[in-house]
Amino acid sequence: MIVRQALKRNPWAFLGPATTETLAAALVTLGLCGVASLDGAPLTAAQRAAMAADGTADIGVLFLVVSIYLSILVVGVTIGTAIADQGRDLALFRTVGATPWRVRRAIAVQAAIVAIPATVAGVPLGLLLGRAWVHGLVGHGLVPAEVTFRIHGGTVPIAFAVTIGTSLLGALIAAIRPSRLRPAMALTEAAMPGKRPGRIRTPMGLLLVFGGIALAILISDADAQTADNTGLFVMLAMCFGVGMLGPVLLRLASPLGRLFGAAGRIAADNVVARRRSLSGALVPLTLAIGFAVFTIVIGATTEHVTGVAQSAADRWLTYAGTGTYCAFAAIAAVNTLITVIRARRRDLAVMRLVGGTQGHTLRVVICEALVVTATALVAGAVVAATVLLPLLHTALGTWRPWVPAPFLVGSILGTAALVLAGLALPAAVMLRQPPIEVVG
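Under the UniProt record's numbering, the sequence shown has 423 at position 423, and the numbering climbs by one with no breaks.
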């Protein structure tokens with residue numbers, strides 16, 4: 001019953017996470033097929049020894065592990081945000097007598113309804129991407145011509161395990177607070193988006209961030225290949241920590257909005273009030289920025305210091321993997337932001353009813369987007385620098401990264417475009433509807 005009502009009232013609560021889970025299933029499928037193609041190829045001992053020597057033997061396993069780790073983080077955050085933004089509906093469900101168990105069961109069913117068809121759609125997409133990736137490896141001479149595309153036998157069960165398992169876990173974690181609310185207090189609690197972060201969230205975020213800093217220092221003494229591969233996982237952990245610290249970071253960044261006049265002052269208050277839901281977008285945004293900065297800057301600095309350009313094949317391999325991760329994280333960020341702004345339809349309509357014009361209301365949302373953009377850029381740059389600088393000092397003897405100016409400008413504009421596409425564009429569409437119809 002509650003699932004059908006949720007689908008009618010807020011279809012994006014299904015469509016947004018479903019898009020992310022489709023891409024997650026495709027990413028996991030791609031990684032599995034890469035492993036099967038490399039491991040199952042009829043190669044001689046000399047060919048496998050040569051691949052092991054240049055590091056290409058493990059690229060399939062590394063891509064798979066990072067894909068699973070990234071999918072778990074992003075899908076969990078996306079579905080958690082979608083469930084959390086249904087707080088008012090869940091509160092109404094509690095006030096009419098629903099037990100905590102019934103609320104949790106309804107949320108679990110909703111997560112499964114989203115994940116199952118999304119995975120079914122994502123696996124074929126992953127097969128197409130996996131075939132293209134293997135052909136790219138062969139075409140660029142990174143692996144022998146004997147390597148052909150193969151489908152991993154565990155593709156379907158593993159893809160389902162990652163997407164459904166993560167969706168259920170993220171949904172049930174998001175359901176803890178609404179399911180525990182006393183019926184008499186449910187609506188009051190659901191209307192308090194600015195409640196302080198939980199006692200566990202902030203300490204866990206600090207633990208992940210400072211743990212990542214410590215690990216980044218430790219791996220700087222390892223060999224270049226090990227440090228580079230391990231650094232990706234350190235960065236993933238720190239990005240998740242940033243997401244858990246998101247409410248704190250957004251509160252600290254909110255005064256930036258006041259620089260934009262009257263609309264900015266309202267935006268600053270909105271960011272503080274909605275910092276819990278907006279923080280869900282910080283994880284994929286920080287991931288996309290961190291991956292891009294790490295990959296581009298380490299390559300540019302190496303070329304600048306050594307004077308030796310990266311080969312075309314190695315450049316393709318590096319950018320293909322990073323581009324895939326960044327695209328996945330960027331799409332997940334936009335989906336999360338759309339979920340957040342759609343949950344605020346009534347708030348935007350009320351702002352119009354009390355005298356705010358359509359243009360003024362949209363300017364408020366744009367100022368909020370700029371605050372989120374600045375927070376994500378700083379967080380992503382700090383995470384990337386934490387992992388990158390010790391590696392540069394160990395490998396190249398320098399603490400100064402070389403950042404290409406076009407990349408710097410493109411990163412700022414690209415991040416702003418993503419956040420505006422997730423917040424301002426949907427808001428502009430929603431503001432075209434008469435506010436009395438939304439509130440009524």
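Virtual Cβ for every residue (Gly too), placed ideally from N, Cα, C.
Give, in chain order, every unbroken run of the alpha helix (DSSP H) that is at least 4 residues long and sits entirely within the segment 231-314. Counting only runs of 4 or more, we get 246-253, 261-273, 275-278, 282-306.
Residue nearest to residue 115 in terms of C-alpha spacing, selected from 105, 168, 84, 70: As a first step, residue 115 is located in the sequence shown; it is residue number 115 there, counting from the start. Ranking 105, 168, 84, 70 by Cα distance to residue 115 puts 168 first.
How is residue 433 classed by DSSP in three states: helix, strand or coil? Here residue 433 corresponds to residue number 433 of the sequence shown, with the count starting at 1. Annotated three-state conformation of residue 433 is coil, per DSSP.
According to DSSP, is residue 152 helix, strand or coil? As a first step, residue 152 is located in the sequence shown; it is residue number 152 there, counting from the start. In the structure shown, residue 152 sits in coil (DSSP, three-state: anything other than H, G, I, E or B).
Where residue 180 falls, given that 16 or more other Cβ within 10 Å makes a residue buried: Locating residue 180 in the sequence shown gives position 180, counting from the first residue. With a 10 Å radius around the Cβ and a threshold of 16 neighbouring Cβ atoms, residue 180 comes out exposed.
Measuring CB atoms only, is the segment 71-79 touching the segment 275-290, in the sense that at least three cross pairs come out at less than 8 Å? The answer is yes - the segment 275-290 touches the segment 71-79, with three or more Cβ pairs under 8 Å.
Alpha carbon to alpha carbon, how far is residue 309 from residue 141? What you label residue 309 is simply residue 309 of the sequence shown in a count that begins at 1. What you label residue 141 is simply residue 141 of the sequence shown in a count that begins at 1. Using only the alpha carbons, I get a separation of about 18 Å.
With C-beta atoms as the reference, is residue 107 less than 8 Å away from residue 15? In the sequence shown, the residue the question calls residue 107 occupies position 107. In the sequence shown, the residue the question calls residue 15 occupies position 15. Between residue 107 and residue 15, the gap from beta carbon to beta carbon reaches 8 Å or more.
Is it the case that the Cβ atoms of residue 155 and residue 32 are separated by a distance below 8 Å? Counted from its first residue, the sequence shown places residue 155 at position 155. Counted from its first residue, the sequence shown places residue 32 at position 32. Result yes, Cβ atoms of residue 155 and residue 32 sit closer than 8 Å.
Judging by CA-CA distance, which residue of 208, 372, 123, 416 is the nearest neighbour of residue 247? Position 247 of the sequence shown, counting from 1, holds the residue named residue 247. For the residues 208, 372, 123, 416, the minimum Cα distance to residue 247 belongs to 372.
Should the segment 348-366 be called in touch with the segment 259-268, which here means at least 3 C-beta pairs below 8 Å? Touching, yes.
Please name the residue, chosen from 337, 252, 349, 203, that lies closest to residue 421 on a Cα-to-Cα basis. For this step, residue 421 is matched to residue 421 along the sequence shown. Ranking 337, 252, 349, 203 by Cα distance to residue 421 puts 337 first.
Residues in its own chain within less than 6 Å of residue 353 by CB, not counting five upstream and five downstream? If you number the sequence shown from 1, residue 353 lands on position 353. Here the set comprises 435.
Around the C-beta of residue 390, are 16 or more other C-beta atoms found within 10 angstroms, so that it is buried, or is it exposed? In the sequence shown, counting from the first residue as 1, residue 390 sits at position 390. Per the 10 Å Cβ criterion, buried.
Quick check on the DSSP output: the alpha helix (DSSP H) that includes residue 57 runs from which residue to which? Working through the sequence shown from its first residue, we reach residue 57 at position 57. Taken as a continuous stretch (DSSP letters only), residue 57 belongs to no alpha helix (DSSP H), as it is neither H nor E.
With DSSP as the reference, label residue 355 as helix, strand or coil. Within the sequence shown, residue 355 is the residue found at index 355, counting from 1. Coil at residue 355, not helix or strand.
Assuming contact is defined by CB atoms lying nearer than 8 Å, are residue 113 and residue 174 in contact in what I supplied? Taking the sequence shown and counting its residues from 1, the one referred to as residue 113 is at position 113. Taking the sequence shown and counting its residues from 1, the one referred to as residue 174 is at position 174. The answer is no: Cβ separation not under 8 Å.
Proximity to residue 340 [Cα-Cα], best of 69, 273, 161, 199: Numbered from its first residue, the sequence shown carries residue 340 at position 340. Measuring from the Cα of residue 340, the nearest candidate turns out to be 273.
Just to confirm before moving on: does the CB-CB distance between residue 257 and residue 242 stay below 8 Å? Within the sequence shown, residue 257 is the residue found at index 257, counting from 1. Within the sequence shown, residue 242 is the residue found at index 242, counting from 1. In this structure, residue 257 keeps its C-beta atom at 8 Å or more from the C-beta atom of residue 242.
Cα-Cα separation, residue 301 to residue 401: Position 301 of the sequence shown, counted from the start, is the residue given in the question as residue 301. Position 401 of the sequence shown, counted from the start, is the residue given in the question as residue 401. Each residue's Cα considered, the two are about 6 Å apart.
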